[in-house]
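Visitor: Here's a structure for you.
In UniProt numbering, the protein residues as written are 1 to 330.
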């Protein structure tokens, strides 16, 4: 039996507890609001997604306010809300995920040809343009001189990249690419962030400024269908890496199940930073490592290379914890 909208929003409240108290409040409010539920239940299920509702609300101009005022503003514009939700997709483009991306790329011989699935505006396709301050148990590691400066805590010095990657070619694939050079594209990305996380908005704006002079190419298409054609343009003498950073959860289950084999089939390395259960092979391997006491069974996200987990992490890449070596007590 499909999960009802009210239960969906209650579940989302738990998932958002660590990232946005305001959105938790809104989730719980929607779950108990008959009028809002009636509006949402009249729409296709994908249009009812909590993060999408919050993004569209911000896009339309809804105030960052407690639930009664926020919902009253939206219900007063119910027609506009119902028209916008079905034509939009959740498209956050979190540059903080470049930290796990760099940690994985550091283990791959370059030069690199980087192809990202679900690239949005391509902000994670240019990791070498940013700066990094990585706090490790072996001391701080600073890389790059660009903005924004992405900060993260890494449990274990071995996770820290030794240098910025040598990326010779880059390409993104997205169902509906966001043009980072257009005002409406930048405004949609900003609307997709929680209103009570100003540091993420500042990071987004700095990353957009870094990308604007020479934005990477992001082509429109279904991730797995468009991947071989996009990869065919990668130059010889490079190692092709397909990155998937918080995208797999939006793929149909059948596509998630064949994701790694499809990447291997085009001769590429698979670098994934996804929710722990999003990719079946990674989820199974993570369960094995957790049973051995080498990994946290309840980790939020897992960084993996070709299906082999390297670390767990927070969803936005500001903390990574390496898989413990075999034979080491937890």
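Ideal Cβ positions, reconstructed from N, Cα and C, are used throughout, including at glycine.
#1: Three Cβ pairs or more, each shorter than 8 Å: is that satisfied between the region 288-306 and the region 260-280?
#2: Quick one: residues in its chain with C-beta nearer than 7 Å to the C-beta of residue 67, no 5 flanking neighbours on either side, listed in chain order?
#3: Would DSSP call residue 330 helix, strand or coil?
#4: Kindly give me the distance between the Cβ atoms of residue 172 and residue 217, rounded to whole angstroms, as I take these residues to be in contact under 8 Å.
#5: Have a look at the DSSP bridge pairing and note the partners of residue 132.
#6: What is the rounded straight-line gap between the Cα of residue 56 and the Cα of residue 82?
#7: Are the region 148-164 and the region 90-109 in contact at 8 Å, needing three or more beta carbon pairs?
#8: With distances taken from CA atoms, which of 126, 5 and 281 is nearest residue 206?
#9: Using only the alpha-carbon positions, how far apart do residue 6 and residue 293 sit?
#10: So what does DSSP say about residue 28, is it helix, strand or coil?
#11: Within this structure, are the beta carbons of residue 166 and residue 110 separated by less than 8 Å?
#12: Based on the DSSP output, what are the partners of residue 312 in its beta bridges?
#13: Looking at the structure shown, is residue 189 part of a helix, part of a strand, or coil, going by DSSP?
#14: Enumerate, from N- to C-terminal direction, the unbroken beta strand (DSSP E) stretches of 3 or more residues contained entirely within the region 235-281.
#15: Could you tell me which of 158, 190, 90 and 237 sits nearest to residue 320, measuring between CA atoms?
#16: Can residue 50 and residue 9 be called in contact, C-beta distance under 8 Å?
Guide: Looking at the coordinates:
#1: Three or more beta-carbon pairs drawn from the region 288-306 and the region 260-280 are found closer than 8 Å, and the two stretches are therefore classed as touching.
#2: If you ignore the 5 residues before and after residue 67, its C-beta comes within less than 7 Å of the C-beta of 25, 26 and 29, all in its own chain and listed in chain order.
#3: Unreliable positioning characterises residue 330 in this predicted model, as indicated by a pLDDT of 44, which lies under 50. A coordinate reading is not provided.
#4: So it is a contact: roughly 7 Å between Cβ atoms.
#5: Residue 132 is bridged to 143 and 150.
#6: Taking the straight line joining both Cα atoms gives about 10 Å.
#7: Contact between the region 148-164 and the region 90-109 is present, with at least three C-beta pairs closer than 8 Å.
#8: Selected option, being the one with the closest Cα: 126.
#9: Distance between the alpha carbons of residue 6 and residue 293: 37 Å.
#10: Reduced to three states, the DSSP call for residue 28 is helix.
#11: Result yes, Cβ atoms of residue 166 and residue 110 sit closer than 8 Å.
#12: For residue 312, which the question treats as bridged, DSSP gives the partners 302 and 321.
#13: Helix at residue 189.
#14: Here the runs fully enclosed are 239-245 and 269-275.
#15: It is 158.
#16: Result yes, Cβ atoms of residue 50 and residue 9 sit closer than 8 Å.
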